[in-house]
Amino acid sequence: DTAVSQTPKYLVTQMGNDKSIKCEQNLGHDTMYWYKQDSKKFLKIMFSYNNKELIINETVPNRFSPKSPDKAHLNLHINSLELGDSAVYFCASSQELLAGAKEQFFGPGTRLTVL
Amino acid sequence: GNSVTQMEGPVTLSEEAFLTINCTYTATGYPSLFWYVQYPGEGLQLLLKATKADDKGSNKGFEATYRKETTSFHLEKGSVQVSDSAVYFCALAVYNQGGKLIFGQGTELSVKP
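So the sequences go chain by chain: R and V. Quick note on numbering: the first sequence equals residues 1 to 115 in our numbering. Quick note on numbering: the second sequence equals residues 1001 to 1113 in our numbering.
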């Protein structure tokens, strides 16, 4: 069974559209994250949720809205897509919020291309 | 603020060569340090970690030692294989900051037969 899964794997869309990426983890973890990887492979955190509560929002534009219906799911909705949103988006999960040493498990990524 | 700096890539080595990828960090507080690996087309996987000074993390022949005095966590492997070709990320996490990982820029390793 896949530990952290994301759908879709690829997403190609036009500027101005609204799209969503879904993430699910079956590890029983309390904390989930979204990271953005740009074209130079640089990874930066966007959001984290703990038990459905938003913990981190790293100055991400309001067009990005994460939603956590339960602690196993963290979806990312993006409004009015822009060219600069093209990137690979990774979902991750970990067991404990404050324990910095805990391993994060990453999904396979969603490659978003905005035309 | 917190940051991680890695050596620039790409790094190209012949099979069985010795590998070092340098990583230094800046942190307010006492970070945990990690190396993640990203194989082509995949997500990141934890390679190894260290949580306190002088700890050595090791896995699959890779190792790194947490050096507080030099704020470094260099990745080493004595004999690389073609299957080690990937992008390697050094990262840190500081206690009580929501568990977020702060990554270096990644170092692409290519191992030739």
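Where a beta carbon is used, it is the ideal one built from N, C-alpha and C, also for glycine.
- Not a single CB atom of chain R sits nearer than 8 Å to the CB of residue 1013 of chain V.
- Annotated three-state conformation of residue 70 of chain R is strand, per DSSP.
- Boundaries of the beta strand (DSSP E) around residue 1059 of chain V: 1056-1059.
- Residue 1031 of chain V: member of the beta strand (DSSP E) spanning 1031-1038, first to last residue.
- Listed along the chain, the chain V residues whose CB falls inside 8 Å of the CB of residue 78 of chain R amount to none; the nearest CB is some 20 Å away.
- Between the C-alpha atoms of residue 1076 of chain V and residue 73 of chain R there is a straight-line separation of about 36 Å.
- Burial check for residue 36 of chain R: the Cβ neighbour count within 10 Å reaches 16 or more, so the residue is buried.
- Between residue 1103 of chain V and residue 1019 of chain V, the alpha-carbon positions lie close to 20 Å from each other.
- DSSP, read as helix, strand or coil, puts residue 43 of chain R in strand.
- Here residue 1034 of chain V has 1049, 1091 as same chain residues with Cβ atoms under 6 Å from its own Cβ, once five neighbours each way along the sequence are excluded.
- For residue 6 of chain R, the uninterrupted beta strand (DSSP E) run begins and ends at 4-7, by DSSP.
- Look at residue 14 of chain R: its C-beta is not under 8 Å from any C-beta on chain V.
- Neighbours of residue 42 of chain R across chain V, judged by C-beta separation under 8 Å: 1103, 1105, 1106.
- Residue-level contact by beta carbon fails for residue 28 of chain R and chain V, as no gap is shorter than 8 Å.
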